Amino acid sequence: MCVLSYPFPEPETVKLAVLKAIEIGYRHFDTAPIYKTEQGLDLAIAEALKLGLIKSRDELFVTSKLWCSDAHPHLVIPALQKTLKNLGLDYLDLYLIHWPLSLNTPGNYDFPIPKEELVQLDYKSVWAAMEEAHRLCLTKSIGVSNFSCKKLENLLTLTKIPPAVNQVEMNPLWRQDKLKEFCKEKGVAITAYSTLGARETLLSPNRAMESQVLKEIAIARGKTIAQVCRRWVYEQGVTLLVKSFNEERMKENLDIFEWELSKEDLKKIDEIPQSRGLSGDFFVSD
9 MCVLSYPFPE PETVKLAVLK AIEIGYRHFD TAPIYKTEQG LDLAIAEALK
59 LGLIKSRDEL FVTSKLWCSD AHPHLVIPAL QKTLKNLGLD YLDLYLIHWP
109 LSLNTPGNYD FPIPKEELVQ LDYKSVWAAM EEAHRLCLTK SIGVSNFSCK
159 KLENLLTLTK IPPAVNQVEM NPLWRQDKLK EFCKEKGVAI TAYSTLGARE
209 TLLSPNRAME SQVLKEIAIA RGKTIAQVCR RWVYEQGVTL LVKSFNEERM
259 KENLDIFEWE LSKEDLKKID EIPQSRGLSG DFFVSD
C-alpha cells in the first residue's frame, strides 16, 4: 500500500488509514519524505503493535525513498537515518532512490520543484552511499525508482550490490514491455505504481477509468476497472502498489487473486494505445 494522499494528510489521518489496512490484511507500506506520511505511519505501526494487530515490526515490509534534494553522497545516510527516526524504526526493508536526478538545494522538500534546482545525479557516488547504508544494516535491500532501461543499465555498471527493485509506473495504458524484459534479464524486480494510469495533475481522474476496452472487460468479469488493471499488473509477474485511504476500496484492491483474465482479455489489453501518465513534470514548476 502506497501511503500517499493529496492534499497531504495529517498524521492522525494516515494513522487511522494504515491501521485499517493492517486490520484488513495489508503488510507492505510504501512511503517517502516528499509524501509527508512517515510520521503517520510511525503512529500506526506503534498502535498496531499495541492493539495486537501485529506481533512484531518484522511482520511488515516498509519501503521509503531518498528524495532528490538528499541524492548527494554525503546526505544519503543522514537522510535515511532521519526517515528511520520519523518512522520509529531501526531499519527499512527497502530503500529506493526516488528519481534519477538531484537538486542543488540539499534538504529541500518543497513542492513543486523549481526547474533551475535540478542537477544530474552522481550515480556512482550516490549508489556507493546506498550500498554503505545496506552494509550498516539501515536497510535490508536497496533499489531505484523511475529508472529507464538506459539509466538502469548505466547504474548496473557501477554497482557492487545491484538494485533489488525498480519501482515504476505500470498499467494497461503504459505496459513497460521493454523495461519489464530488461529488468527480468538483469534480475531486478519491478514494483508497479500508478496501476490505474494517473495523470500529471494529481487531482485528475485516472486514465484507465476512461478506457472503453477496460470497461467492457470489467463488466464481463463482474469486476471494477480498477480490479481489472491490478489483476493485469499482477499477471505480469510484478509486485504492485495500491493507494486508498477508503476502507471499501482497500478491500476491493485485495480482490484480485481468485480469478484470472482470459487470453482474449489480455489480447484486447495488448491492443490499447500506449502513453505514459507520469513523466515527473508534475513535481516541477517553471
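Start counting at 1 in the sequence shown, then tack on 8, and there's your number in the numbering used here. Here a beta-carbon is modelled for each residue, glycine too, at the ideal position from N, C-alpha and C. None of these values were measured; they are calculated from a predicted model.
| Item | Value |
| --- | --- |
| If you reduce the DSSP assignment to three classes, tell me which class Tyr201 lands in. | strand |
| Taking DSSP as the reference, what is the three-state secondary structure of Ser110? | strand |
| Counting along the chain, where does the alpha helix (DSSP H) carrying Leu102 start and finish? | It is not in any alpha helix (DSSP H) - Leu102 instead sits in the beta strand (DSSP E) that spans 102 to 105. |
| Ser202: which of Glu256, Glu218, Pro180, Ala136 sits nearest, CA to CA? | Pro180 |
| Output the distance between the C-alpha atoms of Lys90 and Asp118, rounded to the nearest integer angstrom. | 17 Å |
| When you compare each of Arg65, Glu189, Tyr99 to Ser296 by their alpha carbons, which one comes out closest? | This structure does not reach residue 296, given that the chain is present from 9 up to 294, and the question cannot be answered. |
| Does Trp240 come out as helix, strand or coil in the three-state DSSP assignment? | helix |
| At the 9 Å Cβ level, is Leu222 part of the contact set with chain C, yes or no? | Among the protein chains of the structure shown there is no chain C, as only one such chain exists. |
| Taking 8 Å as the threshold, find out whether the stretch 139 to 156 comes into contact with the stretch 97 to 104 through three or more Cβ pairs. | yes |
| In three-state DSSP terms, what is Thr209? | Residue placement at Thr209 cannot be trusted, given a pLDDT of 47 that sits under 50; what the coordinates show is reported in the next sentence. Coil at Thr209, not helix or strand. |
| Should Gln244 and Ala200 be called a contact, given that it needs their Cβ atoms to be closer than 9 Å? | yes |
| Are the CB atoms of Leu95 and Lys132 nearer to each other than 9 Å? | no |
| What did DSSP end up calling Thr165 once you bin it into helix, strand or coil? | coil |
| Give the C-beta separation of Val246 and Ile198 to the nearest angstrom, bearing in mind that I take them to be a contact with Cβ-Cβ under 8 Å. | 4 Å |
| Nearest CA to the CA of Asp66: which residue from Leu164, Leu74, Ala54? | Ala54 |
| Look up Gly33 in the DSSP assignment and say whether it is helix, strand or coil. | coil |
| In the structure shown, what three-state DSSP assignment does Phe69 receive? | strand |
| Quick one: what's Leu262 bridged to in DSSP? | DSSP output for Leu262 lists no bridge partner at all. |
| Looking only at its chain, what residues have a beta carbon closer than 8 Å to the beta carbon of Trp267, apart from the 5 residues adjacent to it on each side? | Arg229, Lys231, Arg239 |
| Tell me whether the beta-carbon of Val84 lies closer than 9 Å to the beta-carbon of Thr39. | no |
| Which residue or residues does DSSP assign as beta-bridge partners of Val127? | Ser110 |
| Looking at the secondary structure, which residues open and close the alpha helix (DSSP H) in which Gly48 lies? | 46 to 59 |
| Less than 8 Å between the CB atoms is what I'm expecting for Lys73 and His106, so what's the real figure, rounded? | 4 Å |
| Where do the ends of the alpha helix (DSSP H) carrying Gln220 lie? | 220 to 229 |
| Who are Gly151's beta bridge partners in DSSP? | Leu104 |
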